[in-house]
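Undergrad:
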Amino acid sequence: MERLSYGALKKAGYDGYILEKAPEKVLQFGEGNFLRAFVDYWFDVSNEKAGWNGKCVLVQPIAPGLADTINQQEGLYTLYLRGRENGEPVDLRRVISSVSRCLNPYQEEGYRAMMEVAVSGDLEYVVSNTTEAGIIYDPACKFEDRPAASFPGKLTQVLHARYKAGKGGLVILSCELIDANGKELLKCVNQYIDQWGLEDGFRAYVNGQCTFCSTLVDRIVSGRIRDPEEVKRLEEINGYHDELLDVGEIFGVWNIEGPEWLAEKLPFKAAGLNCPVVPDVMPYKKRKVRILNGAHTGFVLGAYLAGFDIVRECMHDGSVRGYMNKMLHEEVIPTLPLDKQDLTDFAAAVQDRFNNPFVNHELMSISLNSTSKWRARNMPSFLDYVKLNGSLPVCLTMSFAAYIAFFSNDIQRLTGEGLVCRRPKGNEYICSDDRWVLEFYYDHRDDSPEDLVHAVMTNRQMWGQDLTEIPGFEAATVANLKKIRSQGAAAAYAACL
């Protein structure tokens with residue numbers, strides 16, 4: 002079967018939107034599944050809906066990468082967005098044509114091409130997703146390296162070439178999953194300016210004419226379809242072979258921190274896309290962590306003990322789904338500093354995302370490192386609720402007991418892989434967490450519920466404080482743990498409704 006290209010699309014009779022030629026307006030560091038299902042999708046829709054008329058030049062952030070494959074397909078790839086919207090299943094196919102080419106800067110030709118794009122009058126944006134480890138200052142990088150090893154080093158080289166060419170500043174959109182990603186990237190660039198002894202005029206250019214934006218990305222991207230039979234079926238329908246086929250959920254939001262003028266400059270608003278420009282992304286990160294991530298950690302441990310294995314199954318059970326929704330709407334949302342309708346809509350989307358018919362998200366994969374997750378995702382909502390109401394949140398209090406139950410249910414042994422427990426349906430499961438956490442629970446495997454709860458709640462290494470100081474919390478947790486052990490987690494969740 003012919004490989005995907007503009008010619009192959011014409012032969013296959015593809016009737017979707019395609020833009021073959023356009024100016025290269027984006028220099029994108031990163032060419033993996035996420036950026037292609039997220040950023041390049043937004044720009045592709047902007048071409049169609051807002052007449053943006055732009056292309057993205059991709060750059061491999063590390064030496065091995067996808068440049069050859071992307072270029073063989075003329076930048077084209079098939080994107081499937083799958084999930085639920087308003088309770089209904091959605092399975093959309095779109096051929097993305099917003100990518101022009103991909104450069105390998107570790108080859109001389111690729112490095113020269115990157116620097117040519119850097120000084121182009123068409124260039125407006127730099128986008129990056131070089132993983133959480135990508136935004137680092139590496140003092141081993143030199144200005145004369147071709148290229149600098151670190152991403153901030155490469156960006157400094159790009160911006161300096163543009164400054165020397167007398168071209169205007171760029172908008173830099175950082176998508177790495179760290180707090181204040183744009184600010185951290187700018188900090189690294191300034192460190193290289195210092196280390197490399199670059200001009201004061203260049204420093205003023207970077208800090209004054211360029212706009213470094215922190216952003217928050219939110220879309221689950223599963224990437225390639227692993228079932229060869231499904232791939233074969235889709236290729237027969239499409240009429241071409243695609244080495245870069247990508248899959249993500251239908252939900253997506255890109256919160257971009259920046260000045261008001263940026264909302265009009267970016268094409269996303271005109272295209273009707275969910276990419277709001279906001280003065281501060283941190284409230285939106287809090288929304289994501291406490292609602293989306295907090296929902297996962299809040300219900301999956303008890304749900305696993307109740308016999309469920311994947312997230313979607315939980316959304317089909319009235320007690321678990323009702324427990325999650327009560328936790329979100331009555332205990333989490335009232336503690337957040339955003340518009341309540343916005344928070345309610347986000348929570349409703351979470352239920353659709355968890356009920357995705359195309360994704361089998363295993364509860365055990367979510368259970369990894371649950372101690373630090375509960376502390377980061379659920380404890381802030383719990384403490385804020387107590388402070389606001391002077392009482393305990395019913396569901397979050399039960400969630401904490403379910404966390405203890407998960408790590409202490411019929412403990413079998415401690416191995417190099419983790420703490421082996423047995424759930425009520427009879428199978429063994431492995432708790433994966435920091436080693437000291439696993440050793441703690443193993444050492445307390447013979448404790449009474451009262452002694453175990455007290456030991457957990459007074460462990461400051463786990464929680465950064467003594468949780469027994471919260472009035473009524475210890476007694477409620479003991480009672481909840483006993484209920485989970487005697488009646489089952491499903492009944493315990495149902496009792497919260």
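With the first letter of the sequence shown counted as 1, position 401 gets the number 402 in this note's numbering; the numbers rise by one all the way through. Where a beta carbon is used, it is the ideal one built from N, C-alpha and C, also for glycine. Just so we're clear, the structure is a prediction, and the values are computed from it rather than from any experiment.
In angstroms with no decimal places, state the Cα-to-Cα distance between Phe30 and Arg102.
TA: Distance between the alpha carbons of Phe30 and Arg102: 12 Å.
Undergrad: State the CB to CB distance for the pair Val27 and Val128, rounded to an integer number of angstroms; the pair is presumed to be in contact (CB under 8 Å).
TA: The pair is a contact, with the Cβ atoms about 6 Å apart (cut-off 8 Å).
Undergrad: What distance in whole Å lies between the Cβ atoms of Asp92 and Arg85, which are believed to be in contact at a cut-off of 8 Å?
TA: Actually they do not touch by this definition, with Cβ atoms about 10 Å apart.
Undergrad: How is the alpha helix (DSSP H) around Arg461 delimited, first residue to last?
TA: Residues 461-464.
Undergrad: How would you call Glu145, buried or exposed, if buried means at least 16 neighbouring beta carbons within 10 angstroms?
TA: Under this definition Glu145 is an exposed residue.
Undergrad: Alpha carbons only, please: which of Asn410, Val40, Gly76, Gly33 is nearest the one belonging to Pro65?
TA: For the residues Asn410, Val40, Gly76, Gly33, the minimum Cα distance to Pro65 belongs to Gly33.
Undergrad: Classify Cys315 as helix, strand or coil using the three-state DSSP reduction.
TA: Reduced to three states, the DSSP call for Cys315 is helix.
Undergrad: Based on the DSSP output, what are the partners of Phe474 in its beta bridges?
TA: Bridge partners of Phe474: none, in fact.
Undergrad: Pairs of beta-carbons, one from the stretch 313-333 and one from the stretch 262-282, closer than 8 Å: are there three or more?
TA: No contact exists between the stretch 313-333 and the stretch 262-282.
Undergrad: Among residues of its own chain, excluding the 5 on either side of Glu125, which ones have a beta-carbon nearer than 6 Å to its beta-carbon?
TA: Within the same chain, Glu125 has close Cβ partners Lys26.
Undergrad: If distances are taken between C-alpha atoms only, which option among His330, His161, Leu439 comes closest to Val395?
TA: Checking every option, the nearest Cα to that of Val395 belongs to His330.
Undergrad: Could you give the distance in angstroms between the alpha-carbon of Phe44 and the alpha-carbon of Asp219?
TA: Each residue's Cα considered, the two are about 16 Å apart.
Undergrad: List the residues that DSSP assigns as beta-bridge partners of Pro148.
TA: Bridge partners of Pro148: none, in fact.
Undergrad: With a Cβ-Cβ cutoff of 8 Å, do Ala162 and Ala150 count as a contact?
TA: No, the Cβ-Cβ distance between Ala162 and Ala150 is not below 8 Å.
Undergrad: Assuming Val128 is part of the beta strand (DSSP E), what are its boundary residues?
TA: Here the beta strand (DSSP E) through Val128 covers 126-129.
Undergrad: On the DSSP bridge assignment, give the partners of Thr70 in chain order.
TA: Per DSSP, none; premise fails for Thr70.
Undergrad: State the start and end residues of the unbroken beta strand (DSSP E) segment that holds Ile173.
TA: That run of the beta strand (DSSP E) goes 172-175.
Undergrad: Got a sec, what are the start and stop residues for the alpha helix (DSSP H) Leu397 sits in?
TA: Note, Leu397: alpha helix (DSSP H), 395-409.
Undergrad: Look up Glu250 in the DSSP assignment and say whether it is helix, strand or coil.
TA: In the structure shown, Glu250 sits in a strand (DSSP, three-state: E or B).
Undergrad: Apply the 10 Å Cβ neighbour rule to His445 and answer buried if 16 or more other Cβ atoms are within range, or exposed otherwise.
TA: Result: buried.
Undergrad: Pull the bridge partners of Gly76 from the DSSP assignment, please.
TA: For Gly76, which the question treats as bridged, DSSP gives no partner whatsoever.
Undergrad: Between the alpha carbons of Ser371 and Gly295, how many angstroms are there, rounded?
TA: Roughly 11 Å between the two C-alpha positions.
Undergrad: Glu244 by DSSP, collapsed to three states: which one?
TA: Glu244 falls in the coil class under three-state DSSP.
Undergrad: Taking C-beta to C-beta, are Cys176 and Asn130 nearer than 8 Å?
TA: Against a cut-off of 8 Å, the Cβ pair of Asn130 and Cys176 comes out as a contact.
Undergrad: Whose C-alpha, out of Gly259, Cys497, Gln108, Glu109, is nearest the C-alpha of Met399?
TA: The option with the nearest alpha carbon to Met399 is Cys497.
Undergrad: Less than 8 Å between the CB atoms is what I'm expecting for Tyr494 and Gly224, so what's the real figure, rounded?
TA: About 33 Å separates the two Cβ atoms, so there is no contact after all.
Undergrad: Around the C-beta of Gln342, are 16 or more other C-beta atoms found within 10 angstroms, so that it is buried, or is it exposed?
TA: Exposed: under 16 other Cβ atoms inside 10 Å.
Undergrad: In this structure, what does DSSP give as the bridge partners for Leu104?
TA: Leu104 is bridged to Val60.
Undergrad: Would Ala68 pass as a contact of Gln61 if the rule is Cβ separation under 8 Å?
TA: For Ala68 and Gln61, yes; Cβs fall inside 8 Å.
Undergrad: Where do the ends of the beta strand (DSSP E) carrying Leu199 lie?
TA: Segment: none, Leu199 is in no beta strand (DSSP E) and carries neither H nor E.
Undergrad: Would you list the one or two residues that DSSP bridges to Thr216?
TA: Paired residue(s): Ile257.
Undergrad: Take Leu178 and list the residues in its own chain whose beta-carbon comes closer than 7 Å to its own, dropping the five residues that flank it on each side.
TA: Same-chain partners within the cutoff: Glu133.
Undergrad: Going straight from the alpha carbon of Lys233 to that of Ile226, what length do you get?
TA: Their Cα atoms are separated by approximately 10 Å.
Undergrad: Nearest CA to the CA of Thr79: which residue from Ile238, Leu199, Ala114?
TA: Comparing Cα positions, the closest option is Ile238.
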